[in-house]
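To get the numbering used here, take the position in the sequence shown, counting from 1, and add 300.
Heads up, the beta-carbon is just placed ideally off N, CA and C, and yes, glycines get one too.
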Amino acid sequence: MTTGVIVCGAAGRMGREIIRLLPEYKTLSLKAAIEAPQHPLLGQDAGTVAGGQPNGVSITDDLDRFLSGNVVVIDFSSPAASLRHLRAAVAHQAPIVIGTTGFAPAEQQVIEELAPRTRCLISSNMSIGVALLSKLAEIAARLLGDGFDIEIVEMHHRYKVDAPSGTALSLASAISKAKGLAPTALCFGREGRVGPRPQEQIGVLALRGGDVVGDHTVIFAGHAERIELVHRAQSRECFARGALSAALWLPTQPVGRYSVRDMLGL
Numbered sequence: 301m302t303t304g305v306i307v308c309g310a311a312g313r314m315g316r317e318i319i320r321l322l323p324e325y326k327t328l329s330l331k332a333a334i335e336a337p338q339h340p341l342l343g344q345d346a347g348t349v350a351g352g353q354p355n356g357v358s359i360t361d362d363l364d365r366f367l368s369g370n371v372v373v374i375d376f377s378s379p380a381a382s383l384r385h386l387r388a389a390v391a392h393q394a395p396i397v398i399g400t401t402g403f404a405p406a407e408q409q410v411i412e413e414l415a416p417r418t419r420c421l422i423s424s425n426m427s428i429g430v431a432l433l434s435k436l437a438e439i440a441a442r443l444l445g446d447g448f449d450i451e452i453v454e455m456h457h458r459y460k461v462d463a464p465s466g467t468a469l470s471l472a473s474a475i476s477k478a479k480g481l482a483p484t485a486l487c488f489g490r491e492g493r494v495g496p497r498p499q500e501q502i503g504v505l506a507l508r509g510g511d512v513v514g515d516h517t518v519i520f521a522g523h524a525e526r527i528e529l530v531h532r533a534q535s536r537e538c539f540a541r542g543a544l545s546a547a548l549w550l551p552t553q554p555v556g557r558y559s560v561r562d563m564l565g566l
């Protein structure tokens, strides 16, 4: 039996990539392609919009109509839209995979309240490689101790609207927890005469330019040596395949909130 996939943010970069790759997954099928009300591509064939052959699924703004039966939602939209989609998924008890980033603290609180009430996998980065990077950075932070300064550098294309990236923040959070540091340990850039670097600090620097899909480097700088853990996304395909793997895995799990690391057993 196939699972119907509902792609929210269907006309966006990630939505188009997911729709393009979906036919490779024989137990998944595209049930609906959702976009915002008044979007100029409403009514267009989702396959054509994704740059492929027509697939007979027209882009619509009516999510609730498709949430019954054996379905899973994949959401790469906007923070406000993702919260609406999460509420709808909870109301219909539909599994939902959320890859949207840029949530404000108040929106994060809503997610904390709603996500455990259905099957929800939410991650700032759906890449399998980034999930492993997070685990490796956590292990390194724990084993290296206080003798190494930690800096995180990320770079994305010029059109990314949030900074630092959700992935950089997730990496910083994982490292902070491993070292027992408070959230105030994070330093988002430096300017002027800031003085010597505090030992218990994690620097996070965001670069923007060109068409960079996503680069993340975690630097452990010690005396006479430096360790760098690097992940570079060559294309958005790695994020789309991670989301589709999550769509296969999530419906088999108990109700609760999950991450890509949970899916991988990390």
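Those runs of the beta strand (DSSP E) which lie wholly inside the region 369 to 417 and span at least 3 residues: Taken in chain order, the complete beta strand (DSSP E) segments of 3 or more residues contained in the region 369 to 417 are 371 to 375, 396 to 398.
Beta-carbon gap between GLU412 and PRO379 smaller than 7 Å: no
Sequence ranges, beta strand (DSSP E) only - wholly within the region 488 to 535, length at least 3: 502 to 508, 515 to 522, 525 to 532
Endpoints, alpha helix (DSSP H) assigned at ASP562: For ASP562, the enclosing alpha helix (DSSP H) begins and ends at 560 to 564.
Three-state secondary structure assigned by DSSP to MET455: Here MET455 sits in strand by DSSP.
CB contact flag (VAL518, ALA437, <7 Å): Yes, the Cβ-Cβ distance between VAL518 and ALA437 is below 7 Å.
Beta-bridge pairing of ILE439 - partner residues as DSSP gives them: None, per the DSSP bridge assignment.
Where LYS326 falls, given that 16 or more other Cβ within 10 Å makes a residue buried: exposed
Status (buried if at least 16 other CB within 10 Å, exposed otherwise) for MET426: Classification of MET426: buried, given that the 10 Å Cβ count is 16 or more.
C-beta contact flag for VAL307 and PRO551 at 7 Å: no
Continuous alpha helix (DSSP H) stretch holding LYS477: start and end: Per DSSP, the unbroken alpha helix (DSSP H) holding LYS477 starts and ends at 466 to 479.
Opposing strand residues paired with THR303 [DSSP bridges]: LEU328
Backbone CA spacing between LEU486 and VAL453 [nearest angstrom]: 13 Å
Own chain, CB closer than 8 Å to LEU444, minus 5 neighbours either side, in chain order: PHE520, GLY522, ILE527
Spatial neighbours of SER559 in its chain, beta-carbon cut-off 8 Å, leaving aside the 5 residues before and after: LEU421, ILE422, SER423, ALA431
Contact under 7 Å by Cβ, LEU321 with ALA540: yes
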